[in-house]
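Data block below; observations after.
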Amino acid sequence: MDDQSFVSGVEACSLPAGQFNHASHLRLARVYLAPPDAMARWHALFEQQAPGAQEAFLRSLGLGPGEIARIRSWSRQFGV
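Take the position in the sequence shown, starting the count at 1, then add 71; the result is the number in my numbering.
Dropping the structure here:
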């Protein structure tokens, strides 16, 4: 579900029961509060300054090796 549909579902109280968990709460905060490029800039800075910590953080989120590689590659595309 894209961010716009997610926010619409939250605002209409129409998400399926149990779907609004901690991760959803953080997602809503990110959508409401962060400028569009904030996550890209954060990942780019993290990758630039502490690539090992970036990978460890992504692993701690339960992401697999392929997704971690994709995020790290994407992070390198942005200048900070």
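For glycine and all other residues, C-beta sits at the position ideal for the given N, C-alpha and C.
Sub-9 Å separation of residue i and residue j beta-carbons
i	j	result
Arg130	Ile139	yes
Asp73	Arg98	no
Arg141	Glu118	no
Ala100	Trp145	no
DSSP-derived helix/strand/coil call for residue i
i	result
Asp73	coil
Gln148	coil
Gly89	coil
Ala83	coil
Pro136	helix
Ala105	coil
For residue i, the first and last residue of its enclosing alpha helix (DSSP H)
i	result
Ala111	Ala109 to Gln120
For residue j and residue i, the rounded distance between their alpha carbons
i	j	result
His114	Pro136	17 Å
Leu132	Gln125	11 Å
Cys84	Ala94	17 Å
Gln120	Leu86	38 Å
Phe77	Pro122	31 Å
Leu116	Ala109	11 Å
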